[in-house]
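Chemist: Below: one structure in structure tokens.
Numbering (my numbering), first residue to last: 899 to 1027.
See below:
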């Protein structure tokens, strides 16, 4: 087996990290809950370290119960939103990789696409991570 194929096979064998919110859980969310998670991503662009669950509920015009239905704590809610964002970046980057690329080209392409995907990350969001 040539070295490029061996490296490619080894990279494919690395298991993907587990998401905070499983696909099954996310599929089970209501449209409103998915919309709230999307809105949270936008809200967190302005920073989130200072926000309480009550602040978040008020800004999203939802109840605390609704937020706690998404995550058991503020930290878990933040982690869920950040994790969803990172998965979107990963999917975007993977979409740029072609199956016939040699490993170095694939990694370079992936990293360039990931860089483009995170280009809109705000300073406030990055600071609060």
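Even for Gly, the Cβ is constructed at its ideal location relative to N, Cα and C. From a predicted model like this one, the values you see are computed outputs, not experimental measurements.
Less than 8 Å between the CB atoms is what I'm expecting for residue 919 and residue 973, so what's the real figure, rounded?
Modeler: The residue given as residue 919 occupies position 21 in the chain shown. The residue given as residue 973 occupies position 75 in the chain shown. Residue 919 to residue 973, Cβ: 14 Å. No contact.
Chemist: Beta-carbon separation of residue 968 and residue 975 under 8 Å?
Modeler: Counting from 1 along the chain shown, the entry for residue 968 is found at position 70. Counting from 1 along the chain shown, the entry for residue 975 is found at position 77. Between residue 968 and residue 975, the C-beta spacing is below 8 Å.
Chemist: Whose CA, out of 961, 1000, 995, lies closest to the CA of residue 1007?
Modeler: For the purposes of this step, residue 1007 is taken as the residue at position 109 of the chain shown. Ranking 961, 1000, 995 by CA distance to the CA of residue 1007 puts 995 first.
Chemist: Which of helix, strand or coil does DSSP assign to residue 945?
Modeler: Counting from one through the chain shown, the residue named residue 945 turns up at place 47. Reduced to three states, the DSSP call for residue 945 is coil.
Chemist: Are the beta-carbon atoms of residue 927 and residue 979 separated by less than 8 Å?
Modeler: Walking along the chain shown from the start, residue 927 turns up at place 29. Walking along the chain shown from the start, residue 979 turns up at place 81. No; because the gap between Cβ atoms is not below 8 Å, this pair is not in contact.
Chemist: With residue 965 and residue 955 assumed to form a contact (beta carbons below 8 Å), what rounded beta-carbon distance in angstroms separates them?
Modeler: Taking the first residue of the chain shown as position 1, residue 965 is located at position 67. Taking the first residue of the chain shown as position 1, residue 955 is located at position 57. Residue 965 to residue 955, Cβ: 6 Å. Contact.
Chemist: Between the region 988-1004 and the region 937-951, do at least 3 Cβ pairs fall closer than 8 Å?
Modeler: no
Chemist: Within the same chain, show all residues whose beta-carbon is closer than 6 Å to that of residue 943, passing over the 5 residues directly before and after it, in chain order.
Modeler: Mapped onto the chain shown, residue 943 falls at position 45. Correct list, in chain order: 1020, 1023.
Chemist: Do you know how far the Cα of residue 958 is from the Cα of residue 1001?
Modeler: Locating residue 1001 in the chain shown gives position 103, where the first residue counts as 1. Locating residue 958 in the chain shown gives position 60, where the first residue counts as 1. Rounded to whole angstroms, residue 1001 to residue 958 spans 44 Å at the Cα level.
Chemist: Going by CA-CA distance only, name the one from 987, 931, 988 that's closest to residue 960.
Modeler: As a first step, residue 960 is located in the chain shown; it is residue number 62 there, counting from the start. Considering only alpha carbons, the answer is 931.
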